[in-house]
Amino acid sequence: KAGVTQTPRYLIKTRGQQVTLSCSPISGHRSVSWYQQTPGQGLQFLFEYFSETQRNKGNFPGRFSGRQFSNSRSEMNVSTLELGDSALYLCASSFSPGQGSTGELFFGEGSRLTVL
Amino acid sequence: KNEVEQSPQNLTAQEGEFITINCSYSVGISALHWLQQHPGGGIVSLFMLSSGKKKHGRLIATINIQEKHSSLHITASHPRDSAVYICAVSDNNDMRFGAGTRLTVKP
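Respectively, the protein sequence lines represent chains A and B.
Going by the numbering used here, the first sequence runs without a break in its numbering and finishes at 148.
Going by the numbering used here, the second sequence runs without a break in its numbering and finishes at 765.
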């Protein structure tokens, strides 16, 4: 079956703009988690959605937001972009919630955001 | 001190060598994951562990819950094993990651 699909794969924005990233989970998976990866901070948890509800949120400012639709597809949005938001944004899906505490995570290829 | 510590940071091996990557954590966990990341960014989940030992092909992962330590072993290493290996721990509400171990296997 198809894996986790993230779009777009690459994008360039300027400071102050906003960006929306999309994640389509594996069919049947209802949990989607988002992560930010930077050279300085490594991988960090952003938020998790399960059945259209945000379960948890990591330590990120309110400029970072997300949502999940009834078909389990998820989007994340970053408003008022800053240079430090340049990163690889990864999403992962799983059948059950809890960020891999009860089930394997399947990651997408990521969306690489560059903020100029 | 990071909650998830990996060692070594970098590792270079010759093809065929036995490789061990270690992970220590300081928080309570529900599960520990070993992830593989190739250049380009995509991450593949290798193992999810809550106790004991798992084996998949040439890869073996072990966890000692009492000592809060896990190891990833690669037997008969191959250049295609070259990647960054990341240890991550989850507790139902959060997932914390190690900084990763960059493995290079030379032919």
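Every residue gets a Cβ at the ideal spot worked out from N, C-alpha and C, and that includes glycine.
Distance from the Cα of residue 83 of chain A is smallest, within the candidate group A:139, A:130 and A:138, for A:130. Around the beta carbon of residue 44 of chain A, fewer than 16 other beta carbons sit within 10 angstroms, so the residue counts as exposed.
Here DSSP, grouped into helix, strand and coil, assigns residue 113 of chain A to coil. Rounded to whole angstroms, the gap between the alpha carbons of residue 723 of chain B and residue 708 of chain B is 8 Å. In this structure, the CA atom of residue 714 of chain B is about 8 Å from the CA atom of residue 705 of chain B.
For the set B:733, B:754 and B:666, the Cα lying nearest the Cα of residue 660 of chain B is the one of B:754.
With respect to residue 663 of chain B, residue 735 of chain B sits apart: the two C-beta atoms are not nearer than 9 Å. Linking residue 763 of chain B to residue 121 of chain A through their CA atoms gives a straight-line distance of about 28 Å. The beta carbons of residue 144 of chain A and residue 47 of chain A sit no closer together than 9 Å. Secondary structure note for residue 130 of chain A: it is in no beta strand (DSSP E), with a DSSP letter that is neither H nor E.
Assigned with DSSP and collapsed to three states, residue 62 of chain A falls in coil, not helix or strand. Here residue 671 of chain B is bridged, per DSSP, to B:763. The count of Cβ pairs closer than 8 Å, one atom from the stretch 738 to 753 of chain B and one from the stretch 691 to 701 of chain B, reaches three, so the stretches are in contact.
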